[in-house]
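Remarks on the structure that follows.
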Amino acid sequence: MSHAAVQPRRDPAQQSGSRVLDPRRAFTEAALRIRLLGPVSHAGWPRWILPLLMAVLGGVLRFVRLDEPGSLVFDETYYVKDAYSLLRSGYEREWPEDADESFAAGDPDVLLDSADYVVHPPVGKWMIAFGMALFGSDNAFGWRFSAALVGTLSVLLIALVAQRMFGSAILGAAAGLLLAVDGHHLVESRTSLLDIFLSFWLLAAFAALLVDRDDGRRRLARRLAALAATSGIGVPPRRQLMYGPFLGLRWWRLVAGICLGLALGTKWSALPFIAAFGLLSVAWDLSARRIAGVHRWMLGGVVRDGLLAFVSIVPVALATYLATWTGWFRSTDAYDRQWAQQHPSALWGWLPDGVRSLAEYHRSAYSFHRGLGSDHPYEAGPLSWLVVGRPTSFYYEKPQGCGAEACSQAVTVLGNPLIWWSAALSLLVLLFSWLGRRDWRAAAILTGVAAGYLPWFLYPERTTFYFYAVSFEPFLILALTYCLGLVLGAPGADGARRTWGVVLVGLFLAAAVVLSAYFLPIWTAEIIPYEQWRMRMWLPSWI
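The numbers in my numbering rise by one with no breaks, and the one at position 5 of the sequence shown is -12.
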């Protein structure tokens, strides 16, 4: 598909030179598909090769020297040890105070028998455990493998998502490249915290809904065309056009529901995405019915699409989430597992004890999150995230061996400034595109950013960090790619305009890659002279 998909589309009747499309042709499947999906694309080999090349680049950056540093860094001290506990027991157990040293020495088997109180669901920790099961729990490569894998898969996913949204293999590759080389995503892909897994499942859910959007529109075109063909006049009967046809069970929506359940099973901050993505998917269906010519498209879309969409996403996500607690349910001595037996209730006694115990566990964990407000040297309010105001230092040491008097070894969650500052400005462009042109792509991207970003402003006293922004970083990359598409110009533009667009986009991408190469040492724990580390601290708040 060409990049023309980013440009305003003209009505097929205007393209053919006529002022009004013949009603007998308006409801053929081909005409409906053009109205609902645009021209058919034949991108050829770049459609597959370019995303794979970007994934290979992302994989190299994420897997090379993955075991450096060889010790637990930042919150790995919680999640890696919890993952090992899940492997051993199916639930989290407590550790002695010197457990980090044991892990670094290759001896993780120092678990205590008592259950541990944790406040995050188990999916991300089970994913970390997967890498440890494959490569061992006694080395950093093993406990970081899964993070690097899903980080690499995220690069592939965003390239495919951008290609589908913008109708351009080149823009898809640009999105993959930007995510592959950005330091914020790179560092989290090389560190076993939960947020990279959250980001992956959210992006996967969005990708599934994009496929569902096209699938739903193809179904609508096919069913309306069938109704028109049997009517004898080339137009569906009026009563059939009143609300439009049922489209049936949408399998990709079920996939999205499962992905959202796994995201929620990683971190509760996925909850706003479930609501936002569900509403976005229904809005796409309402728009499709309106464009197709359904008379009461809003009521028809809500009743014939929206109700089934709710069932396909929300209950499926909830069931998936509960299934992720299987290890806790199967245990007898996990934290709060016996709470219901110890606290009988006349009001709620009809519920299974395991469900009541888990509900109490969740109430307690929610109270913990609401009251989490301790000071931290690298805390950063959400207002500073988009401008990279306060990066998070995961690791910093002053080793020897760089040939200078003082050396530095750092792992810093610092986004590529060119990418992040440009993406922040791009959000303004998308806002105008949505309000002025009603561009569905702009609305979809802004929805993803809003779901991951705005809820944090509801908890101003809670301790927050810049690295939380990785949950919606893929949507920032899509926003920037959208704007690169506007700079690139449509294929139908004159030669000079197109040439300048290609040059400017190429220069921007090249500058982003060069800047990432400059910051790479402080993202990947390379030992460098202190002065070189200091040169990379552009702002006082970065230190």
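In this text, a Cβ means the ideal position worked out from N, Cα and C, and glycines have one as well.
Taking a cut-off of 8 Å on C-beta distances, the region 408 to 419 does not touch the region 205 to 212, as fewer than three cross pairs fall below it. In this structure, ILE510 sits away from GLY386, with a CB-CB distance that is not shorter than 7 Å.
Proximity to LEU33 across PHE128, PRO79, LEU154 and GLU51 peaks at LEU154, based on C-alpha coordinates.
In the DSSP assignment, the residues bridged to ALA98 are ARG76. ARG45 places its beta carbon 7 Å or farther from that of ARG202. Assignment of PHE455 by DSSP, reduced to helix, strand and coil, places it in the coil class. One thing to note: VAL106 has its Cβ within 7 Å of the Cβ of LEU245. According to DSSP, ILE510 shares a beta bridge with GLN392. DSSP places SER314 outside both helix and strand once states are collapsed to three, so it counts as coil. PHE377 carries a strand assignment under DSSP once its states are collapsed to helix, strand and coil. Here LEU467 is not near ALA152, since their CB atoms are 7 Å or more apart. For the options MET37, GLY284 and LEU243, the alpha carbon positioned closest to that of ALA300 is the one of LEU243. Apart from the 5 residues on each side of it in sequence, ARG480 sits with its Cβ closer than 7 Å to the Cβ of GLY472 in its chain, given in chain order.
The continuous alpha helix (DSSP H) containing TRP126 extends over residues 123 to 149. Distances from the alpha-carbon of ALA204 to those of TRP109, ALA426, LEU487 and PHE10 put PHE10 closest. Counting along the chain, GLY337 sits inside the alpha helix (DSSP H) bounded by residues 336 to 353. Taking one beta carbon from each stretch, the region 114 to 121 and the region 137 to 144 have fewer than 3 pairs nearer than 8 Å; the two do not touch.
At the C-beta level, VAL93 and PHE377 stay beyond 7 Å of one another.
About 5 Å separates the CB atoms of PHE448 and THR375; that is less than 8 Å, so the two are in contact. Using a Cβ distance threshold of 7 Å, ARG127 and LEU177 do not count as a contacting pair. Here the alpha carbon of LEU461 sits roughly 10 Å from the alpha carbon of GLY431. Here LEU181 is not near LYS108, since their CB atoms are 7 Å or more apart.
Annotation: the continuous alpha helix (DSSP H) that includes GLU84 extends over 82 to 87. For TRP31, the secondary structure class from DSSP, reduced to helix, strand or coil, is helix. Across the set SER214, ARG233 and TRP525, the C-alpha of TRP525 shows the shortest separation from the C-alpha of TRP368. In the structure shown, ALA476 adopts coil according to DSSP, grouped into three states. Boundaries of the alpha helix (DSSP H) around MET110: 106 to 118.
Secondary structure note for TYR304: its alpha helix (DSSP H) is the uninterrupted segment 290 to 306.
Taking the C-beta atoms as reference points, ALA495 is found no nearer than 7 Å to ILE428. Taking C-beta separations shorter than 7 Å and ignoring five residues to either side along the sequence, the partners of ASP422 in its chain run SER416, following chain order. DSSP places TRP423 in the uninterrupted alpha helix (DSSP H) bounded by 423 to 436.
GLY372 has its alpha-carbon roughly 28 Å from the corresponding atom of PHE189. Within the same chain, Cβ atoms closer than 8 Å to the Cβ of VAL370 are found at TRP403, TRP404 and ALA407, the five residues on either side in sequence being excluded. Check the Cα spacing between MET110 and each of PRO228, TRP521, GLY159 and VAL63: the tightest is with VAL63. When the alpha-carbon of VAL338 is set against those of TYR304, GLY364, TRP78 and ALA363, the nearest one is in TYR304.
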